[in-house]
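Chains as they are written, first to last, in the working numbering: chain A, 435 to 601; chain F, 5 to 102.
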Amino acid sequence: MQVVFYISGAIAILATILMLTRLNAVHALLYLVVSLLAIAVVFYVLGAALAAALEVIIYAGAIMVLFIFVVMLLNLGETAANEERRLLNASMWVGPSILSAVLIAEFVYILSEESHANIPAPVGPKQVAAALYAPYLIGVELASMLLLAGIVGAYHLGFRKVRKGDS
Amino acid sequence: MIRDGFILAGILFALGTAGVLVRRNIIFMLMSIEVMLNAAGLAFIVAGARWSQPDGQILFLFILSMAAAEVSVGLALVLRFYHQYKLLDADAANKMRG
Numbered sequence: 435m436q437v438v439f440y441i442s443g444a445i446a447i448l449a450t451i452l453m454l455t456r457l458n459a460v461h462a463l464l465y466l467v468v469s470l471l472a473i474a475v476v477f478y479v480l481g482a483a484l485a486a487a488l489e490v491i492i493y494a495g496a497i498m499v500l501f502i503f504v505v506m507l508l509n510l511g512e513t514a515a516n517e518e519r520r521l522l523n524a525s526m527w528v529g530p531s532i533l534s535a536v537l538i539a540e541f542v543y544i545l546s547e548e549s550h551a552n553i554p555a556p557v558g559p560k561q562v563a564a565a566l567y568a569p570y571l572i573g574v575e576l577a578s579m580l581l582l583a584g585i586v587g588a589y590h591l592g593f594r595k596v597r598k599g600d601s
Numbered sequence: 005m006i007r008d009g010f011i012l013a014g015i016l017f018a019l020g021t022a023g024v025l026v027r028r029n030i031i032f033m034l035m036s037i038e039v040m041l042n043a044a045g046l047a048f049i050v051a052g053a054r055w056s057q058p059d060g061q062i063l064f065l066f067i068l069s070m071a072a073a074e075v076s077v078g079l080a081l082v083l084r085f086y087h088q089y090k091l092l093d094a095d096a097a098n099k100m101r102g
């Protein structure tokens, strides 16, 4: 399990470095998704199964899809078509694919390996939920208020039309 | 492994900081901020695993919801920026109309 931890950490660092050095935003997003998945594996090894699942679902799923939507909205026109033609090149996605394949191999290894020596005691979702809704209840309410503010703010900023001659 | 987890969180946070400072594309700056928030969440998870307490995961949940709200507002700002300046360079907005 320790080997899994170190390989995942290395993948997270490597994918983040590659993300920072990309020129195309979509390539960078692919590497960022790989980095988040690697950190999810780290969470699982550390015994935080609920956090690992939420990392995959919300971070690598919802937030990254939001980013990809915006990038796709912005890259319109002929340059986007040229980019797309270049994206079909196999050398563009081989990097994220290799890193993701290593993560999948690690996942299979975790499931096949039953020994849980030398890792922290896992904290299950039941414990987290019990603590979340008793001492941290006010935090949950505040988080809901924050998300509501985020929704209203995004709607307000995205809806207003830019007037002609405004710049 | 606990110590190395903190080292990993530190490295990721430093990489995110470097990304915010180096890149001038607003999308990349937002992604680097995501990396930094994620590194902070990783530090909380590692600390929670050190004492086998659920508090670390709960703080991670709060960071997660905060990141979701931040990203929605940030991306709406990016769209406004692009409609205004027709490019994503942060240096294009260095002048204010005061």
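We put the CB at the ideal spot given by N, CA and C, even for glycine.
Between residue i and chain A, is the shortest Cβ-Cβ distance under 8 Å, so that the two count as touching?
| i | result |
| --- | --- |
| F:D59 | yes |
| F:A35 | Before going on, a small fix: residue 35 of chain F reads as Met here, not Ala. At least one chain A Cβ lies under 8 Å of F:M35. |
| F:M40 | no |
| F:G52 | yes |
| F:A44 | no |
| F:A80 | yes |
Candidates the options: which alpha carbon is nearest residue i's?
| i | options | result |
| --- | --- | --- |
| A:A486 | F:M33, F:N42, F:V82 | F:N42 |
| F:R7 | F:L83, F:I49, F:A94 | F:I49 |
| A:M611 | F:N29, F:M35, F:L16 | Limits of chain A in this structure are 435 at one end and 601 at the other, which puts residue 611 of chain A out of reach. |
| F:M10 | A:A568, A:I451, A:L480, A:L576 | The displayed chain sequence assigns Phe, not Met, to residue 10 of chain F. Among A:A568, A:I451, A:L480, A:L576, the Cα nearest to that of F:F10 is on A:L480. |
| F:V75 | A:L488, A:M506, A:L500 | A:L500 |
| A:T383 | A:V438, A:Q436, A:M435, A:I473 | Any property of residue 383 of chain A remains undetermined from this structure, which presents chain A solely from 435 to 601. |
| A:S534 | A:G443, A:Q436, A:M435 | A:G443 |
| A:F477 | F:A71, F:Q61, F:A73 | F:Q61 |
| A:L463 | A:G587, A:V437, A:I491, A:P530 | A:P530 |
| A:L566 | F:G23, F:A18, F:I30, F:L63 | F:L63 |
| A:G558 | F:L92, F:V77, F:S56 | F:S56 |
| A:V611 | A:F439, A:L576, A:I491, A:F593 | Nothing can be reported for residue 611 of chain A, as the shown portion of chain A is limited to 435 through 601. |
| F:A13 | F:F32, F:G23, F:M33, F:A51 | F:A51 |
| A:L471 | A:T455, A:L448, A:R456, A:A459 | A:L448 |
Counting only C-beta atoms, is residue i closer than 8 Å to chain F at any point?
| i | result |
| --- | --- |
| A:S601 | Here the model assigns A:S601 a pLDDT of 46, short of 50, so the residue's position is not dependable and the matter cannot be decided. |
| A:L500 | yes |
| A:P530 | no |
| A:G587 | yes |
| A:M506 | no |
| A:L448 | no |
| A:V536 | no |
| A:Y478 | no |
| A:Y543 | no |
| A:G584 | yes |
| A:M453 | yes |
List the endpoints of the continuous alpha helix (DSSP H) containing residue i.
| i | result |
| --- | --- |
| F:N42 | 30 to 55 |
| A:M498 | 498 to 508 |
| A:I572 | 571 to 593 |
| A:I491 | Where A:I491 is concerned, there is no enclosing alpha helix (DSSP H), given that its DSSP letter is neither H nor E. |
| F:R7 | 6 to 26 |
| A:L466 | 459 to 479 |
| A:E547 | Counting along the chain, A:E547 falls outside any alpha helix (DSSP H), and DSSP gives it neither H nor E. |
| A:K560 | 559 to 566 |
| F:M70 | 59 to 89 |
| A:M453 | 436 to 455 |
Use the C-beta contact count for residue i: other C-beta atoms within 10 angstroms, 16 or more gives buried, fewer gives exposed.
| i | result |
| --- | --- |
| A:Y589 | exposed |
| A:Y465 | buried |
| F:P58 | buried |
| F:Q88 | exposed |
| F:R28 | exposed |
| A:S469 | buried |
| A:S601 | Its pLDDT being 46, under 50, A:S601 is placed unreliably in this model, and the value from its coordinates should be taken loosely. By the neighbour-count rule (16 or more Cβ atoms within 10 Å), A:S601 is not buried but exposed. |
| A:A539 | exposed |
| A:E489 | buried |
| F:L19 | buried |
| F:A80 | buried |
| A:I445 | buried |
| A:V542 | exposed |
Please tell me whether residue i has its Cβ less than 8 Å away from any Cβ of chain B.
| i | result |
| --- | --- |
| F:R7 | Among the chains of the structure shown, chain B does not appear; the protein chains present are A and F. |
Under 7 Å (Cβ pairs) to chain F, residues found in the stretch 560 to 579 of chain A:
Q561, V562, A565, L566, Y570, G573, A577
Quick one: which residues of the stretch 62 to 74 of chain F get their C-beta closer than 8 Å to a C-beta of chain A? List them in chain order.
I62, F64, L65, F66, L68, S69, M70, A71, A72, A73, E74
Contacting positions in the stretch 18 to 31 of chain F - beta carbon closer than 9 Å to chain A:
L19, G20, A22, G23, V26, R27, N29, I31
Taking Cβ-Cβ distances below 9 Å as the criterion, which residues of the stretch 458 to 473 of chain A are in contact with chain F?
A459, A462, L463, L466, S469, L470, I473
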